[in-house]
Amino acid sequence: MKKNNILPREEVLHIAKLACLDLSEKEVKDFQLQLGEILAFMDVLKELKLNDVKATSQVSGLEYITRADKIKNSLSADEAKSQAKKTYKSFFQVRAVLE
Amino acid sequence: MIDILRLTIKEALAGLRKQEFSAEELTLASLKQIEKYDKKLKAFITVCKNEALDKAREADKIIAKERNIFDRKPLFAIPYSAKDVFCTKGVKSTGSSQILKGFMPQYNATVIDRLDQAGAILIGKTNCDPFGFGSSTENSGFQTSRNPWNSKKVPGGSSGGSAAAVASGMGLFSIAEDTGGSIRQPASFCSVSGLKVSYGRVSRYGVMAYASSLDTIGPIGKSVYDLVLVLSIIAGKDEMDASSLQEIDNKYKEALSPKRADFKKKVGIPKEYLGEGIDPQIKQAVLQAGKVFEKMGCRLSMVSLPNTKYAIAAYYLIAMSEVSANLARYDGIRFGRGREYFEPEVKRRIMLGTYALSSGYFDEYYKKALKVRTLLKKDFDNVFSRVDLLIAPVSPTLPFDIGEKTNDPLAMWLADAYTVTINPAGVPSLALPCGFSKDNLPLGMQIIGQQKSEKLLFEAGTKFQTETNWHTKHPDLENL
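Listed in order, the protein sequences are those of chains A and B. Read in order, the letters of the first sequence correspond to residues 0 to 98 in numbering that gives the first Met the number 0. Read in order, the letters of the second sequence correspond to residues 0 to 479 in numbering that gives the first Met the number 0.
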């Protein structure tokens with residue numbers, strides 16, 4: 000956990016890995032301080048007794064909204080690929096994920 | 000000669016109908032404002048000059064054949080801008096982030112389609128904080144917009160480009176997005192009117208997601224009247240957005256011609272919004288606005304939203320958590336560039352959200368924030384059992400200097416103290432000009448109602464703008 004509001008370096012690196020972000024050495028140092036300070040600010044919530052309070056994840060009041068299962072026009076493969084850097088035939092090209 | 004700085008949508012439609020000016024002249028006047036003043040104001044990232052002029056000329060041909068086209072297409076030939084977070088087919092859409100530099104969407108956001116069908120003409124895409132992450136446009140990956148009232152000041156954010164554009168006559172309205180104040184705060188900083196709708200009122204389809212349970216789409220314009228005209232077009236169920244609401248009370252235009260002259264409503268001022276840290280000039284202006292409401296026939300009282308002090312922490316934890324999930328899509332495979340192109344504030348928000356959702360911290364941060372959200376919503380439910388409307392300041396501070404808060408991310412977040420509280424509850428809020436500081440900087444207030452009460456907000460706002468003339472003041476662009 001954070002000490003003097005500074006988030007430990009290994010924790011910043013762990014979070015960056017989870018978030019798929021390559022951070023520079025300066026960014027790691029900045030985030031140790033900034034995230035530490037921000038998380039300390041969030042501690043204000045510790046004042047509240049929340050055991051009996053239910054969580055609210057959305058406020059629309061809507062549940063299980065579905066649409067008709069009808070086939071409609073969609074983008075052509077060429078249109079769908081038009082913004083990709085690497086494509087092969089009608090596919091997006093990605094790096095191999097298995098050795 | 001078109002006085003584009005002052006012209007409202009209402010007046011423009013009347014002028015077009017009477018053929019006092021052509022659609023081409025109207026669009027050209029908006030584009031000329033951009034040419035003249037946007038080098039300084041930097042409100043736009045992309046200007047669609049040729050496309051807009053082609054459409055305007057086409058519109059003139061249609062008007063010549065069908066004089067009453069305006070009955071069928073209520074925003075026919077009205078030039079407007081859209082925040083760069085909206086996908087616009089064939090027009091670059093970057094979200095003001097370098098990661099989407101050059102991105103050309105293959106489809107339109109539903110809102111853009113609806114405005115298109117109503118005849119409105121897109122003149123360009125406006126600058127904002129990347130993906131809406133900020134309160135000043137200073138986090139933009141491209142440029143910092145400037146306040147038309149004082150170019151040393153920020154225009155607010157995240158939709159700062161939109162507000163600056165409307166205040167400067169660059170298009171008659173702008174379409175923007177509000178997750179924690181991104182429409183209301185820049186509207187307030189630039190002395191224009193802006194609406195944060197009830198959650199689900201307007202489709203989010205085709206809008207770059209910030210925090211999906213908080214994001215709302217709405218207009219920025221020169222008057223409440225104009226906002227009514229735009230919301231009438233963009234609101235309503237969209238099957239492409241499962242969270243969009245069925246319209247049950249969509250006769251917004253009725254708010255413009257109320258049956259009764261008096262407005263006998265109970266209006267509350269939340270005491271937590273006038274407390275520590277507020278600029279005394281803003282407090283004074285809001286209390287003065289309260290007197291206007293009394294004159295309109297309202298009964299005024301002080302009320303309390305007791306959990307307000309926890310709102311910023313809860314809001315940011317929820318919003319950042321949703322950010323970390325939403326921005327996982329930027330992988331550089333199907334569109335956009337690599338994640339190294341994210342701006343520092345984007346990385347900061349992804350990092351915080353990832354932390355709050357990560358193993359060991361989920362209960363302590365994210366889950367706790369969702370429980371506080373319940374309390375925040377209850378605060379509004381309780382207060383709206385006693386009053387019909389709330390009035391409050393939009394921002395605790397006046398428009399601040401460019402650079403003033405850029406080295407202190409937390410201080411920038413705290414600038415949102417009076418706006419982020421609204422979104423977790425999903426209620427609508429209408430931001431209006433309510434005065435000027437002694438240095439001639441705009442002061443703004445918001446009228447908050449219970450969920451789905453846009454019509455009542457419009458009625459209150461229209462009456463307020465009949466009693467006051469703050470919204471008819473315009474910046475001096477010659478001396479920027």
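The C-beta atom is built at its ideal place from N, Cα and C for all residues, glycine as well. Keep in mind that this is a model prediction, so the values were computed, not measured.
DSSP state of residue i, grouped into three classes?
i, result
"M0/A", "For M0/A, the predicted structure reports a pLDDT of 47, less than 50, and the residue's modelled location is therefore unreliable. A value from the coordinates is still provided. If DSSP states are grouped into helix, strand and coil, M0/A belongs with coil."
"Y209/B", "coil"
"P423/B", "helix"
"Y329/B", "coil"
"G235/B", "coil"
"H473/B", "coil"
"I216/B", "strand"
"V93/A", "coil"
"L17/A", "helix"
"Q287/B", "helix"
"F102/B", "coil"
"T465/B", "helix"
"V196/B", "coil"
"T86/A", "strand"
"I70/A", "coil"
"V229/B", "helix"
"V201/B", "strand"
"I5/A", "strand"
"L15/B", "helix"
"V52/A", "coil"
"A79/A", "helix"
"V322/B", "helix"
"K90/B", "According to the sequence displayed, residue 90/B carries Val and not Lys. Strand."
"A260/B", "coil"
"I1/B", "coil"
"N49/B", "helix"
"N478/B", "helix"
"F457/B", "helix"
At what residues does the alpha helix (DSSP H) containing residue i begin and finish?
i, result
"L388/B", "Looking at the DSSP string, L388/B is not in any alpha helix (DSSP H); the run it does join, the beta strand (DSSP E), is L388 to P392."
"K400/B", "Residue identity differs from the one stated: residue 400/B is Asp in this sequence, not Lys. From DSSP, D400/B is part of no alpha helix (DSSP H); its letter is neither H nor E."
"D505/B", "Residue 505/B is absent from the structure shown; chain B starts at 0 and stops at 479."
"Y354/B", "P343 to L356"
"F85/B", "Looking at the DSSP string, F85/B is not in any alpha helix (DSSP H), and its letter there is neither H nor E."
"N381/B", "K367 to V382"
"I77/B", "Looking at the DSSP string, I77/B is not in any alpha helix (DSSP H), and its letter there is neither H nor E."
"S187/B", "R183 to F188"
"I68/B", "I68 to R71"
Taking C-beta to C-beta, are residue i and residue j nearer than 9 Å?
i, j, result
"C86/B", "N146/B", "no"
"T405/B", "I311/B", "no"
"D177/B", "D214/B", "yes"
"G205/B", "K195/B", "no"
"S157/B", "P185/B", "yes"
"L356/B", "S320/B", "yes"
"Q105/B", "Q82/A", "yes"
"G159/B", "A42/B", "yes"
"S96/B", "P129/B", "yes"
"L99/B", "I111/B", "no"
"L230/B", "I8/B", "no"
"V393/B", "Q449/B", "no"
"Y329/B", "W412/B", "no"
Tell me where the beta strand (DSSP E) around residue i begins and ends.
i, result
"T45/B", "F43 to V46"
"I268/B", "K265 to P269"
"V302/B", "R298 to V302"
"Q445/B", "P441 to I447"
"F172/B", "F172 to D177"
"K404/B", "Looking at the DSSP string, K404/B is not in any beta strand (DSSP E), and its letter there is neither H nor E."
"A39/A", "Not the beta strand (DSSP E): A39/A falls in the alpha helix (DSSP H), residues E24 to M41."
"L431/B", "S428 to F435"
Original post:
Does the pairing of the segment 160–170 of chain B with the segment 414–434 of chain B give three or more beta-carbon distances under 8 Å?
Top reply: Judged by Cβ distances under 8 Å, the segment 160–170 of chain B makes no contact with the segment 414–434 of chain B, as fewer than three pairs qualify.
Subject >> Completely contained beta strand (DSSP E) runs for the segment 107–165 of chain B, where each covers 3 or more residues >> reply: Runs of the beta strand (DSSP E) inside the segment 107–165 of chain B: 120–125.
Subject >> Contact the segment 125–139 of chain B vs the segment 366–376 of chain B: 3+ CB pairs below 8 Å >> reply: With the rule of 3 Cβ pairs closer than 8 Å, the segment 125–139 of chain B does not count as touching the segment 366–376 of chain B.
Original post:
Can at least three beta-carbon pairs, one atom from the segment 285–298 of chain B and one from the segment 338–348 of chain B, be found at a separation below 8 Å?
Top reply: No contact exists between the segment 285–298 of chain B and the segment 338–348 of chain B.
Subject >> Three CB pairs or more closer than 8 Å across the segment 230–243 of chain B and the segment 189–207 of chain B >> reply: The segment 230–243 of chain B, when compared against the segment 189–207 of chain B, does touch it at the 8 Å Cβ threshold.
**OP:** State whether the segment 290–297 of chain B contacts the segment 458–471 of chain B, with contact taken as three or more CB pairs (one from each stretch) at a distance under 8 Å.
**Re:** Yes, the segment 290–297 of chain B touches the segment 458–471 of chain B.
Original post:
Is the segment 54–70 of chain B touching the segment 6–18 of chain B, taking contact as three or more C-beta pairs under 8 Å?
Top reply: Counting Cβ pairs under 8 Å, three or more are found: they touch.
Original post:
Would you call the segment 49–57 of chain A and the segment 362–369 of chain B in contact, with 3 or more CB pairs under 8 Å?
Top reply: At 8 Å Cβ cutoff, the stretches touch.
**OP:** Taking 8 Å as the threshold, find out whether the segment 1–20 of chain A comes into contact with the segment 344–354 of chain B through three or more Cβ pairs.
**Re:** Contact annotation: the segment 1–20 of chain A touches the segment 344–354 of chain B, with at least three C-beta pairs closer than 8 Å.
**OP:** Evaluate the contact criterion for the segment 128–148 of chain B versus the segment 36–48 of chain B: three or more CB pairs, one atom per stretch, below 8 Å.
**Re:** Contact holds: three or more Cβ-Cβ distances are below 8 Å.
Subject >> Validate contact between the segment 87–106 of chain B and the segment 43–62 of chain B using beta carbons, cut 8 Å, 3 pairs >> reply: They touch, by the three-pair rule.
Subject >> Given 8 Å, three or more beta-carbon pairs between the segment 252–271 of chain B and the segment 293–302 of chain B >> reply: Enough Cβ pairs lie closer than 8 Å, so yes.
Subject >> the segment 434–447 of chain B in contact with the segment 379–399 of chain B per 3-pair CB rule at 8 Å >> reply: Yes: the two stretches touch, three or more of their Cβ pairs being nearer than 8 Å.
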